[in-house]
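Asks: Straight run, no breaks: the sequence shown in the working numbering ends on number 265.
Sharing a structure with you now.
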Amino acid sequence: MHHHQDGLGWTLDPLLTVPLALTLLVYIAGWWRLSRRASTPVRPGLFLCGWLVLTLSLTSPLHEAGERSFTMHMIEHELIMLVATLLLAGSGAGGVLAWGLPRLLRHALAGIWKSPIQATWRRLTEPVTATIVQGAVMWAWHAPLLFDRALDSFGWHIVQHACFFASSLLFWWAMLHPGGTASRYGVSAACLFATSLIGGALGALMSLSSSPWYADYAAMGMTGIGLDPVDDQRLAGLIMWIPGGAFHGIAALVLFYRWLKSSEGGAGALSVN
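The structure is reproduced here in structure tokens:
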């Protein structure tokens, strides 16, 4: 566990702030170039909101609070995995970011993308595959061995957040871009229901446990929000179980409705874009 001063401060480590700032600058450059192409759909509002939620989750006092309370840590993770990545996936920012890069780098990356990477991406963004990947990442990183390691090491903590971010971005991309047949919306809706159960089961185990799972939190005694380690873990588990599960459940109902509408109207336009 990292040692901090009594007050909660901002986490402005270059390992976090530099990639976040560069991503924003590249996006702005790409948006500026594409804004003159009226036919290109760009959603800067969604991207900026997603970027802001991600940045505040990782750098605001919430991050330090999460090292003293599992509940605050869970809120940070839920903001990243439910809110930030959903907004970023919905913004369709990939093309904008590509246009923000220098021309030589853009062309080089385009060449690399046409290699097996593109085929791998297609496989990973199959709804069932993306659901399995995110579920596996979520359960693995909440195992005491890995979670305590993330609490003990800033580097491992960044790796943990990177895994949560990447798997959730992949998941939401797969849910929002289900492909060209009506049945894919039904598959995505089923995957969202499954995810609500996968996360809900993990949250339920935490909230119903009579002993703390994580040694670092247990060793601290009373947390910064006035709860003992067991109650802190129970509240964190409830946050994952109830609001987290409800979020995925509501998203599943939205996609289920779209599936019904697209089935009624024939093929229809299925892409979120």
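Backbone N, C-alpha and C fix where the C-beta goes; we use that ideal spot for every residue, glycine too.
(1) Could you give the C-beta distance for L230 and S199, rounded to a whole number, given that I count them as a contact under 8 Å?
(2) Among residues of its own chain, excluding the 5 on either side of H149, which ones have a beta-carbon nearer than 6 Å to its beta-carbon?
(3) Should Y302 go down as buried or exposed, given a rule of 16 or more other Cβ atoms within 10 Å for buried?
(4) Taking all protein chains shown into account, decide if S175 is buried (16 or more other Cβ within 10 angstroms of its Cβ) or exposed.
(5) Quick one: grab the DSSP three-state call for S254.
(6) Note down the Cα distance separating L7 from L184, rounded to an integer number of angstroms.
(7) So, is the C-beta of F239 closer than 8 Å to a C-beta in chain D?
(8) Buried or exposed: S254, going by 16 or more other Cβ atoms within 10 Å of its Cβ?
(9) Please name the residue, chosen from I109, H69, R115, that lies closest to H55 on a Cα-to-Cα basis.
(10) Mind checking E256: buried by the 16 CB within 10 Å criterion, or exposed?
(11) Determine whether the beta carbon atoms of Y177 and W113 lie at a separation below 8 Å.
(12) Extract the residue ranges of the alpha helix (DSSP H) inside the region 34 to 101, only unbroken runs of 4 or more that lie entirely within it.
(13) Look up M214 in the DSSP assignment and say whether it is helix, strand or coil.
(14) Could you tell me which of L48, F62, T15, M167 sits nearest to Y209, measuring between CA atoms?
(15) Relative to the C-alpha of A21, which candidate in P221, W205, G87, L46 has its C-alpha closest?
(16) Taking DSSP as the reference, what is the three-state secondary structure of W180?
(17) With 16 other CB atoms within 10 Å as the buried threshold, where does G191 fall?
(18) For a test of the three-state rule: what should DSSP assign to T3, helix, strand or coil?
(19) Would you call the CB atoms of W91 and R25 closer than 8 Å?
(20) Okay, do the region 37 to 56 and the region 72 to 89 touch, 3+ Cβ pairs below 8 Å being the bar?
Replies: In terms of the structure at hand:
(1) That pair is a contact at about 5 Å.
(2) Hits under 6 Å: A142.
(3) Residue 302 is absent from the model: the chain starts at -7 and stops at 265.
(4) When all chains shown are included, S175 counts as exposed.
(5) Three-state DSSP puts S254 in a helix.
(6) Linking L7 to L184 through their CA atoms gives a straight-line distance of about 32 Å.
(7) Of the protein chains in this structure there is only one, and it is not chain D.
(8) By the C-beta density criterion, S254 is buried, having at least 16 other C-beta atoms within 10 angstroms.
(9) That would be H69, whose Cα lies nearest to the Cα of H55.
(10) Per the 10 Å Cβ criterion, exposed.
(11) With respect to W113, Y177 sits apart: the two C-beta atoms are not nearer than 8 Å.
(12) Within the region 34 to 101, the complete alpha helix (DSSP H) runs of at least 4 residues fall at 36 to 51, 53 to 57, 62 to 70, 77 to 82, 86 to 92.
(13) M214: coil per DSSP, three-state reduction.
(14) Closest option to Y209, Cα to Cα, is F62.
(15) The residue with the shortest Cα to Cα distance from A21 is G87.
(16) Just to set this straight, residue 180 is Ser in the shown sequence, not Trp. The answer is helix: DSSP assigns S180 an H, G or I state.
(17) Classification for G191: buried.
(18) DSSP places T3 in coil when its eight states are reduced to three.
(19) Yes, these two residues count as a Cβ contact at 8 Å.
(20) A contact between stretches requires three or more CB pairs, one per stretch, nearer than 8 Å, and the region 37 to 56 meets this requirement with the region 72 to 89.
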